[in-house]
Each structure stands twice: as structure tokens, then as C-alpha cells.
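Student: Provided herewith is a single structure, encoded as C-alpha cells, for subsequent inquiry.
2 protein chains.
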Amino acid sequence: MNITQQTIDEFMDNLASKAATPGGGSAAAVMGAMAAALISMVANLTIGKKNYATVETQMQDLLNKSENLKITMLDMIRADIEAFDLVMSAYKLPKATIDETNNRNQAIQVALKTATDVPLQCAEACRSVIQLSHLAAQIGNKNVVSDAGVAVLAAQAALRSAALNVYINIGNIEDQDFTKSREKKLNLLLEGADKQTEEIYQLVKSKL
Amino acid sequence: MNITQQTIDEFMDNLASKAATPGGGSAAAVMGAMAAALISMVANLTIGKKNYATVETQMQDLLNKSENLKITMLDMIRADIEAFDLVMSAYKLPKATIDETNNRNQAIQVALKTATDVPLQCAEACRSVIQLSHLAAQIGNKNVVSDAGVAVLAAQAALRSAALNVYINIGNIEDQDFTKSREKKLNLLLEGADKQTEEIYQLVKSKL
Numbered sequence: 151m152n153i154t155q156q157t158i159d160e161f162m163d164n165l166a167s168k169a170a171t172p173g174g175g176s177a178a179a180v181m182g183a184m185a186a187a188l189i190s191m192v193a194n195l196t197i198g199k200k201n202y203a204t205v206e207t208q209m210q211d212l213l214n215k216s217e218n219l220k221i222t223m224l225d226m227i228r229a230d231i232e233a234f235d236l237v238m239s240a241y242k243l244p245k246a247t248i249d250e251t252n253n254r255n256q257a258i259q260v261a262l263k264t265a266t267d268v269p270l271q272c273a274e275a276c277r278s279v280i281q282l283s284h285l286a287a288q289i290g291n292k293n294v295v296s297d298a299g300v301a302v303l304a305a306q307a308a309l310r311s312a313a314l315n316v317y318i319n320i321g322n323i324e325d326q327d328f329t330k331s332r333e334k335k336l337n338l339l340l341e342g343a344d345k346q347t348e349e350i351y352q353l354v355k356s357k358l
Numbered sequence: 151m152n153i154t155q156q157t158i159d160e161f162m163d164n165l166a167s168k169a170a171t172p173g174g175g176s177a178a179a180v181m182g183a184m185a186a187a188l189i190s191m192v193a194n195l196t197i198g199k200k201n202y203a204t205v206e207t208q209m210q211d212l213l214n215k216s217e218n219l220k221i222t223m224l225d226m227i228r229a230d231i232e233a234f235d236l237v238m239s240a241y242k243l244p245k246a247t248i249d250e251t252n253n254r255n256q257a258i259q260v261a262l263k264t265a266t267d268v269p270l271q272c273a274e275a276c277r278s279v280i281q282l283s284h285l286a287a288q289i290g291n292k293n294v295v296s297d298a299g300v301a302v303l304a305a306q307a308a309l310r311s312a313a314l315n316v317y318i319n320i321g322n323i324e325d326q327d328f329t330k331s332r333e334k335k336l337n338l339l340l341e342g343a344d345k346q347t348e349e350i351y352q353l354v355k356s357k358l
């Protein structure tokens with residue numbers, strides 16, 4: 151069963167349990183998905199309103215983007231678990247002979263690279279959501295501007311959480327070209343994100 | 151049906167829809183509940199480990215607290231919806247006569263007060279989770295320290311989100327004694343929370 155078919159109660163109990171998955175990576179994806187969903191909510195409550203007729207096209211475009219990001223991040227809840235489980239399985243491979251040890255090391259390195267790319271994709275989607283929440287707060291229905299505010303906070307927390315999951319995997323990867331390229335990508339995604347979030351948060355507060 | 155019995159997929163679709171609830175208040179409570187659940191995860195993966203025998207009692211205490219906060223915040227997902235629906239219902243009351251208008255105004259004021267207290271309680275629980283995540287990051291199983299990091303970020307985002315929901319309701323409440331006392335309480339909960347979160351985040355990063 152896909153994890154997003156679990157009830158919220160079940161998911162929370164599984165998150166809290168001593169099972170290694172779901173963990174912080176999945177929680178980050180849930181936050182990201184909620185952020186995207188809240189942008190959709192703002193768009194859905196703006197589209198079709200007489201007072202917001204002039205921004206109708208922009209809101210429709212916003213909705214398309216936020217719904218796509220929501221789907222992407224819901225899928226990452228599952229992808230993060232699979233990637234983490236792959237790492238755990240690789241570590242459990244036999245290492246009695248030199249061949250086995252080499253094979254195990256290679257499997258670990260491959261798994262760690264996947265486990266780095268999943269949170270990196272999550273970080274990328276979150277940065278997009280931060281961008282979208284700016285437009286939602288600026289021109290969306292003022293009655294639900296606080297939802298755009300919650301969206302940007304959730305997206306920021308998800309982005310920084312995803313970053314932690316990139317760091318933790320990168321630390322064990324031997325391929326320096328890989329780690330450097332991923333660190334560079336991550337730094338670009340983080341650059342200015344906190345400042346942008348703060349600006350949107352203050353914009354929301356000023357409209358309450 | 152209680153909302154936490156919805157699947158994650160269903161909840162996300164409902165959050166994104168044009169229905170007024172669930173909205174940002176429930177999303178904040180979900181973030182807070184995930185933060186508490188991640189603290190439980192760290193505690194559960196520390197308790198019983200030989201290398202962490204000296205912190206066993208502290209971890210057991212941490213787990214009790216985080217599980218209670220998880221339950222509290224799961225309940226707030228529902229409570230926020232009910233409080234918001236109460237406000238909406240009050241606004242829909244008839245106002246054809248003076249009596250009706252007075253009755254409606256009174257109902258709105260009562261509903262807004264409840265709708266202020268729910269996010270305030272959420273903010274209080276989130277501040278406690280931030281506190282707990284410090285201990286989890288400090289003395290919990292180092293292998294899952296990134297989960298303590300995600301916990302503190304989720305709790306901070308939930309706290310600031312809850313604050314937005316307090317502000318939005320306070321703006322329409324006439325009872326100045328009430329608004330002042332709630333603002334004072336909120337400010338105390340927000341005070342130093344961002345700084346504390348940043349310190350815990352940096353502590354986590356230093357351990358990765």
C-alpha cells in the first residue's frame with residue numbers, strides 16, 4: 151500500500167515508531183505537499199470571484215503549478231522511504247569475502263546517491279512553492295491570505311529539512327564530483343530562501 | 151468521521167479544495183503533530199540502546215511528553231476546523247431585526263474567541279516541542295539527529311503559522327481585555343523561538 155493511503159493517525163504512529171521509515175524525509179515531503187495544497191486552496195478561493203476577475207488567468211496558472219507540485223511531493227513521501235530502505239538493505243549485504251565487500255560498498259554508494267537525490271528534488275519543489283506563495287499572498291483572495299502565509303512557512307521548513315537529509319547522505323559518499331555538484335545545487339536552492347520567506351510572511355501579516 | 155481518519159491523499163485534496171476547512175490552522179496542527187512524532191521517533195530509537203543507557207530515563211520522559219503533545223496536536227486538526235466552522239455559522243445568522251443583529255454579533259464574538267484560543271493552544275504545544283527537540287538533538291541517538299532537526303523546523307513553522315491564525319481572529323474581536331491578554335500570551339510563546347530553533351538546527355548540522 152502506498153504510504154499516502156495511510157490515515158493521518160496511522161502515519162503519525164508510524165513516524166513516531168522505532169521503525170527507521172517513515173522519518174524526517176517523509177515528514178519534509180508532507181510539509182511540502184501541504185504548502186502546495188494551501189496555494190491551491192488560495193487559488194481555488196480566488197478563481198471565479200468577481201473582485202478578483204482581473205487575476206483569474208494568473209490564478210489558474212498558479213493552481214496548475216501548485217497542483218503539480220502537490221502531486222510531486224506526495225510521491226516523494228514514498229520515494230524517500232524507498233531510497234532510505236535501499237540504503238539500509240545495502241548496509242546489510244554480506245561482507246565475508248573481498249568480492250562481497252566490494253559489492254556491498256558499491257551498493258551502499260549507489261543507494262546513498264539515490265537517497266541524496268530524493269531530498270534534493272524535494273528541496274527544488276519547495277523553493278518553487280515559496281515562489282508561488284509570494285504571488286498567492288500578493289494577488290490572491292485577501293480573506294485567505296493567512297493560508298498563503300502558512301504555505302510559505304511550511305515550504306521553508308520542508309526545504310531546510312530536505313537540506314539536512316542531503317547533508318546526512320553526502321557525508322558518506324566517496325564520489326567527490328557527485329557530492330560537489332549536489333552541494334552546489336543545494337546551496338543555490340537555499341540561497342535567499344529564508345529572506346524571501348520572511349518577506350512573504352511580513353507581507354501576509356501586513357494584510358491581516 | 152474525525153479528520154485524522156482521512157488518508158493523507160484525501161486530506162491533501164481537501165486542504166487544496168475551495169472548502170474553507172481544513173485550512174492553514176489544520177495544516178499547522180499537522181506540522182506540530184509531525185514534529186512531536188519525530189521526537190518520539192528519536193526517543194524510541196535511543197531507548198534500549200547500549201550506548202545510550204545513561205540517558206534512558208531522560209529519553210523515557212521525553213517520549214512520554216512528545217507522545218502527549220502528538221495526541222494534543224492531532225486533536226487540534228479537528229478543533230481548528232470546528233472553531234472555524236463556528237465562526238462561519240455565526241456570520242450566516244440572520245440580521246433582519248435589531249434583536250437578530252445583536253444576537254448575531256454576540257455569536258460572532260464568542261466564535262472568534264474560540265477560534266483564537268485553538269491556535270494559541272497549538273502555539274503553546276509547538277513551543278514545548280521546540281524545547282523537547284533540543285534535548286533530542288543533544289543526547290538522543292546520533293544516527294537520527296537529522297530527525298530532531300526536522301522536528302524543530304516543523305515545530306517552528308507550526309508555531310509561526312498558529313500565530314498568523316491568532317492575529318487574523320484577534321483583528322475582529324471587540325473585547326480589548328481579551329485581545330490584549332491573548333496577544334501577550336502569544337508574544338511570550340514567540341519570544342526567542344526563532345533564535346532557539348536556529349541554535350538547535352546548527353547543533354544538528356554540526357552532528358551530521
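So the protein lines, in turn, are chains R and U.
Residue numbers for the first sequence follow my numbering, beginning at 151 and rising by one.
Residue numbers for the second sequence follow my numbering, beginning at 151 and rising by one.
Yeah, the Cβ is synthetic: ideal placement off N, Cα and C, and Gly gets one too.
1) Let me know if ASP325(R) comes out buried or exposed under the rule of 16 or more other beta-carbons within 10 Å of its beta-carbon.
2) Assign MET191(R) to one of two classes, buried (16 or more other C-beta atoms within 10 Å of its C-beta) or exposed (fewer than that).
3) Is the segment 157–175 of chain R touching the segment 227–246 of chain R, taking contact as three or more C-beta pairs under 8 Å?
4) For THR157(R), which three-state DSSP category applies?
5) Considering Cα atoms alone, identify which of ILE318(R), SER296(R), ALA312(R), GLU160(R) is closest to LEU183(R).
6) Can a CB atom of chain R be found closer than 8 Å to the CB of LYS168(U)?
7) May I have the straight-line CA-CA distance separating ALA260(R) from SER356(U), to the nearest angstrom?
8) Can you give, in chain order, each stretch of the alpha helix (DSSP H) that sits fully within the segment 190–254 of chain U and has at least 4 residues?
9) Of the residues that make up the segment 163–197 of chain U, which ones have a beta carbon closer than 7 Å to any beta carbon in chain R?
10) In whole angstroms, what is the alpha-carbon distance linking GLN155(U) and ASN252(R)?
11) Just the C-alpha distance for ASP211(U) and LEU282(U), rounded to the nearest angstrom, thanks.
12) Could you spell out where the alpha helix (DSSP H) holding GLU348(R) opens and where it closes?
13) So ILE323(U) and LYS263(U) are supposed to be a Cβ contact under 8 Å. How far apart are they, rounded?
14) Give a yes or no on whether the minimum CB-CB distance between GLN306(R) and chain U is below 8 Å.
15) Measuring CA to CA, which of LEU236(U), TYR351(U), ALA185(U), LEU339(U) is closest to ALA273(U)?
16) List, in order along the chain, the chain U residues whose C-beta lies closer than 7 Å to that of VAL300(R)?
17) Give the DSSP-derived three-state secondary structure of GLU324(U) in the structure shown.
18) Using a C-beta cutoff of 8 Å, does GLN271(R) count as contacting chain U?
19) So which of ALA178(U), ALA193(U), PHE161(U) has the shortest CA-CA distance to GLN306(U)?
20) GLY175(U): buried (16+ other C-beta within 10 angstroms of its C-beta) or exposed?
21) Which same chain residues end up closer than 7 Å to LYS292(R) when comparing Cβ atoms and leaving out the 5 residues on each side of it in sequence?
22) Mind pulling the chain R residues with CB within less than 9 Å of GLN326(U)?
23) For ASP225(U), return the contacting residues in chain R, with the cut-off set at a CB-CB distance below 8 Å.
24) So, does the CB of TYR241(U) fall closer than 8 Å to a CB anywhere in chain R?
25) Rank THR157(U), LYS200(U), LYS215(U), SER167(U) by C-alpha distance to the C-alpha of ALA185(U) and give the top, closest one.
26) Report back the beta-carbon spacing between ILE258(U) and ALA240(U) to the nearest angstrom; my notes put them in contact at under 8 Å.
27) Please check the pair THR196(U) and GLY321(U), which I expect to be a contact at CB under 8 Å, by giving their CB distance rounded to whole angstroms.
28) Identify whether GLY173(U) lies in helix, strand or coil by the three-state DSSP scheme.
29) Report yes or no: do the segment 198–208 of chain U and the segment 326–336 of chain U share at least 3 C-beta pairs separated by less than 8 Å?
30) Helix, strand or coil for SER283(U)? Go by DSSP, reduced to three states.
31) Alpha carbon to alpha carbon, how far is MET238(R) from LEU217(U)? Give it in angstroms, no decimals.
Tutor: Taking the geometry as given:
1) ASP325(R) comes out exposed.
2) buried
3) yes
4) In the three-state reduction of the DSSP assignment, THR157(R) falls in the strand class.
5) With the sequence shown as reference, residue 183(R) is identified as Ala, and Leu is not the correct amino acid for it. The option with the nearest alpha carbon to ALA183(R) is ALA312(R).
6) yes
7) Before going on, a small fix: residue 260(R) reads as Val here, not Ala. Whole-angstrom Cα-Cα distance: 25 Å.
8) 206–241
9) LEU165, ALA166, SER167, LYS168, GLY173, GLY174, ALA177, ALA178, VAL180, MET181, ALA183, MET184, ALA187, LEU188, SER190, MET191, ASN194, LEU195
10) If you take the alpha carbons of GLN155(U) and ASN252(R), they lie about 46 Å apart.
11) Our two residues, ASP211(U) and LEU282(U), have alpha carbons roughly 10 Å apart in a direct line.
12) 343–357
13) 6 Å
14) yes
15) LEU339(U)
16) GLY174, ALA177, ALA178, SER311, LEU314
17) coil
18) no
19) ALA178(U)
20) buried
21) LYS357
22) Residues of chain R whose Cβ lies closer than 9 Å to the Cβ of GLN326(U) do not exist; the shortest such Cβ separation is about 18 Å.
23) Neighbours of ASP225(U) on chain R: none; closest Cβ ~11 Å, over 8 Å.
24) no
25) LYS215(U)
26) 4 Å
27) Not quite, the Cβ-Cβ distance comes to about 44 Å (not below 8 Å), so this is no contact.
28) coil
29) Judged by Cβ distances under 8 Å, the segment 198–208 of chain U makes no contact with the segment 326–336 of chain U, as fewer than three pairs qualify.
30) helix
31) According to the sequence as given, residue 217(U) is Glu; it is not Leu. Taking the straight line joining both Cα atoms gives about 27 Å.
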